[in-house]
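Below: one structure, written as structure tokens.
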Amino acid sequence: MPQHYKFTAVPDIFASFAADCAADPKLKIKTQPDLALLPRAYESDGPSSAGKSQWERFAAYVGWLNERAEDGVCYKVLYLTRHGQGWHNVVHERVGTEEWDNNLSKLDGDGTLSWSDAHLTPEGQSQATALSSFWTSLISSGAPIPERLYTSPLTRCLETTDHIWRPIFAARALPFSPIIKENLREQITDHTCDRRSPLARIRELFPAYTVEDGFTEEDGLWRADVWEPLGDHCVRKQRVLEDIFAREEGAADFLSLSIHSFAIAVILHVCGAEMFRVSEGTSIGILVRAEKVDAPPTFEVGDRLEGF
Numbered sequence: 303m304p305q306h307y308k309f310t311a312v313p314d315i316f317a318s319f320a321a322d323c324a325a326d327p328k329l330k331i332k333t334q335p336d337l338a339l340l341p342r343a344y345e346s347d348g349p350s351s352a353g354k355s356q357w358e359r360f361a362a363y364v365g366w367l368n369e370r371a372e373d374g375v376c377y378k379v380l381y382l383t384r385h386g387q388g389w390h391n392v393v394h395e396r397v398g399t400e401e402w403d404n405n406l407s408k409l410d411g412d413g414t415l416s417w418s419d420a421h422l423t424p425e426g427q428s429q430a431t432a433l434s435s436f437w438t439s440l441i442s443s444g445a446p447i448p449e450r451l452y453t454s455p456l457t458r459c460l461e462t463t464d465h466i467w468r469p470i471f472a473a474r475a476l477p478f479s480p481i482i483k484e485n486l487r488e489q490i491t492d493h494t495c496d497r498r499s500p501l502a503r504i505r506e507l508f509p510a511y512t513v514e515d516g517f518t519e520e521d522g523l524w525r526a527d528v529w530e531p532l533g534d535h536c537v538r539k540q541r542v543l544e545d546i547f548a549r550e551e552g553a554a555d556f557l558s559l560s561i562h563s564f565a566i567a568v569i570l571h572v573c574g575a576e577m578f579r580v581s582e583g584t585s586i587g588i589l590v591r592a593e594k595v596d597a598p599p600t601f602e603v604g605d606r607l608e609g610f
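Quick note: the sequence shown uses our numbering, first residue 303, plus one each step.
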């Protein structure tokens, strides 16, 4: 029987940009200095904290929280990254939302460009490479390197993971084997950019990656005429977080998830945090308290998600 959790974003750890995005519906947040980790003291600070960086003290605080957590409770930091620019993003921006939603999004491409399970554009590759440099610098200032890499199975996320983390792991002689999880996918729409490639193709292009158990050869979730209800998307993100937290119980406290814009928003929603939009090729952080419960929580969708 699967383990259920109640997830709560711990406040006053990372800055929230929800108010900024609410004030400007077109605003998309980019990666912030220090990943927007707020400068503050922690209950775990002591004489040995003198001279340590904010990130070193925060990492010690996460360990301190887990050492003192009651039974059934744990804390993990999620590094959430939106993939770099994909070809579907380019076409959507070029033709506008109405033409994209009503026509082009239903096609595999236009004879010149292909956006079915879209790949990164050269700009998207550059964004991911820039993020790799950002993370290299952040890690050198004390941010823990992620102990596990998770990714959506869509090609733009697999490529983003590779561009960001492969050089960082190689420089430290660490094994690079990101875990592909089906339920990290974006909201499943009738757009072909949300249809994933067959498993054989994924294995061919990304042989170093580990595929979760139960991953099917063909995409069993995508339908040409169906949009996933928002409530179902929340349930899917709840389940994938439960899978990850159960798998990493007592193991990894700092995890990287390479995912999608609305997937990030829904994870924030599932964790009770205020949502905000992020640009392509952007990383944010969230400290999550997970408490084991007997039944999965239910979620109010309402206007918060409908209008996001």
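Glycine included, C-beta positions come from ideal geometry on N, C-alpha and C.
Local Cβ density within 10 Å of residue i, reported as buried at 16 or more and exposed below that
{"i": "P448", "result": "buried"}
{"i": "E582", "result": "buried"}
{"i": "N405", "result": "exposed"}
{"i": "P455", "result": "buried"}
{"i": "L532", "result": "buried"}
{"i": "R474", "result": "exposed"}
{"i": "E488", "result": "buried"}
{"i": "L460", "result": "buried"}
{"i": "E530", "result": "buried"}
{"i": "L486", "result": "buried"}
{"i": "C558", "result": "Checking the sequence, you will find Ser at residue 558 rather than Cys. When all chains shown are included, S558 counts as buried."}
First and last residue of the uninterrupted alpha helix (DSSP H) at residue i
{"i": "K539", "result": "532–549"}
{"i": "S435", "result": "424–442"}
{"i": "I315", "result": "It is not in any alpha helix (DSSP H) - I315 carries neither H nor E in the DSSP assignment."}
{"i": "V364", "result": "356–370"}
{"i": "T453", "result": "Segment 450–453 is the beta strand (DSSP E) holding T453; no alpha helix (DSSP H) there."}
{"i": "H493", "result": "Element bounds for H493: n/a, residue is neither H nor E."}
{"i": "V392", "result": "389–397"}
Residue span of the beta strand (DSSP E) that contains residue i, given as start and end
{"i": "S560", "result": "556–561"}
{"i": "Y613", "result": "The requested residue 613 does not occur in the structure, where the chain is confined to residues 303 to 610."}
{"i": "V379", "result": "375–384"}
{"i": "R498", "result": "Per DSSP, R498 belongs to no beta strand (DSSP E) and is neither H nor E."}
{"i": "R474", "result": "No beta strand (DSSP E) holds R474; DSSP gives it neither H nor E."}
{"i": "V590", "result": "584–595"}
Own chain, CB closer than 8 Å to residue i, minus 5 neighbours either side, in chain order
{"i": "D527", "result": "D492"}
{"i": "I331", "result": "F319, D322, C323, F578, R579, V580, S581, T584, I586"}
{"i": "E544", "result": "P304, Q305, H306, Y307, P598"}
Residues of its chain near residue i, where Cβ-Cβ distance is below 6 Å and the 5 sequence neighbours each way are ignored
{"i": "V312", "result": "L589, R591"}
{"i": "P480", "result": "L451, T453, T463, Y511"}
{"i": "F601", "result": "C536"}
{"i": "A575", "result": "A311"}
{"i": "F556", "result": "V379, P446, P448, E449"}
{"i": "I569", "result": "K539"}
{"i": "R458", "result": "H385, G388, A420, L422"}
Distance between residue j and residue i (C-alpha atoms, nearest Å)
{"i": "E519", "j": "I441", "result": "36 Å"}
{"i": "D596", "j": "Y307", "result": "8 Å"}
{"i": "P446", "j": "L380", "result": "11 Å"}
{"i": "Y452", "j": "V375", "result": "22 Å"}
{"i": "S351", "j": "L367", "result": "16 Å"}
{"i": "G386", "j": "T423", "result": "8 Å"}
{"i": "G516", "j": "T333", "result": "34 Å"}
{"i": "V513", "j": "G522", "result": "16 Å"}
{"i": "G426", "j": "W417", "result": "14 Å"}
{"i": "H421", "j": "H571", "result": "27 Å"}
{"i": "R359", "j": "L339", "result": "11 Å"}
{"i": "R468", "j": "V603", "result": "37 Å"}
{"i": "N391", "j": "D347", "result": "44 Å"}
{"i": "R503", "j": "K483", "result": "16 Å"}
{"i": "H394", "j": "K408", "result": "12 Å"}
{"i": "W357", "j": "A317", "result": "14 Å"}
{"i": "F309", "j": "R396", "result": "38 Å"}
{"i": "L337", "j": "A472", "result": "23 Å"}
{"i": "R498", "j": "V364", "result": "35 Å"}
{"i": "I566", "j": "P327", "result": "17 Å"}
Residue i at chain C interface by Cβ criterion, 8 Å
{"i": "W417", "result": "Here chain C cannot be found, since the structure has a single protein chain."}
Could you check whether the stretch 553–562 touches the stretch 338–345, counting it as contact only if at least three pairs of C-beta atoms, one from each stretch, sit closer than 8 Å? no
Within 8 Å, do at least three Cβ pairs link the stretch 427–446 to the stretch 391–404? no
Please determine if the stretch 366–383 and the stretch 408–422 are in contact, where contact requires at least 3 C-beta pairs separated by less than 8 Å. no
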